[in-house]
Amino acid sequence: MHFSLAFLLSGFALISPVLSEVCEGQVTLSETYIGVDKNVKVETVSCPEAALARRGDLFSRQASNVTNVCGAQCDTFCFTPSGGGPDPNECHVIADALRYDSQNTGSTFDIANGTTGNIVVMTYNTCESFFVNQFNSTLQYCRTDWASVLDWVAPNCQSTQNAHGGDCIASDQRWFIQVQHS
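Numbering (mature numbering (1 follows the signal peptide of the UniProt record, and there is no 0)), first residue to last: -20 to -1, 1 to 162.
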């Protein structure tokens, strides 16, 4: 069940290499710019409940208010076929903005659950990356970890690997990070 949102969003990447929304019916809750040059757009968005997987009662009973997932492993999956992926150099600009914010704003960020801001989207030119919370409670994640995922997925899920972007799904499927053409 937890893969459903990841696969839904991955399917959008297969349909079109250029997306204007992370999910159909997306609502932007906040927008700002980060990085030393304030050139990376950050949005907190929500998706309609229909686009989200129903989560099990077990997760609800076990969930605390905030779960720190810094350092958690994730598995990389590249989107086939090749063509239309983000420019890895532009994805690196997002990674650098995350590192800058880690030093100047704080090393972690919180991301809500449910349909109230459970997706954080970062965009710079052709690169778009988003973090999706599929868990029943608020997650806390490290900015430098997201930067590392970007620096891994962007150059390793390109046309030379018969891909056009990809995602990294947490081993427990509570969250995932996607990297694609904006």
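Built from N, CA and C at the ideal position, the CB exists for glycine as well. These numbers were taken from a predicted model, which means no experiment stands behind them.
{"Asked": "CB-CB length for serine 109 against isoleucine 157, believed under 8 Å", "Found": "6 Å"}
{"Asked": "C-alpha gap between proline 135 and glutamine 141, whole angstroms", "Found": "9 Å"}
{"Asked": "Helix, strand or coil at alanine 134 according to DSSP, with G and I counted as helix", "Found": "helix"}
{"Asked": "Span of the beta strand (DSSP E), counted from its first residue to its last, around asparagine 150", "Found": "In the sequence under discussion, the amino acid at residue 150 is alanine, which differs from the asparagine named in the question. Alanine 150 -> beta strand (DSSP E) spans 146 to 150."}
{"Asked": "Distance CB(phenylalanine 57)-CB(glycine 145) smaller than 8 Å", "Found": "no"}
{"Asked": "Distance between histidine 72 and isoleucine 91 (C-alpha atoms, nearest Å)", "Found": "22 Å"}
{"Asked": "Bounding residues of the alpha helix (DSSP H) (the contiguous stretch that carries serine 82)", "Found": "68 to 84"}
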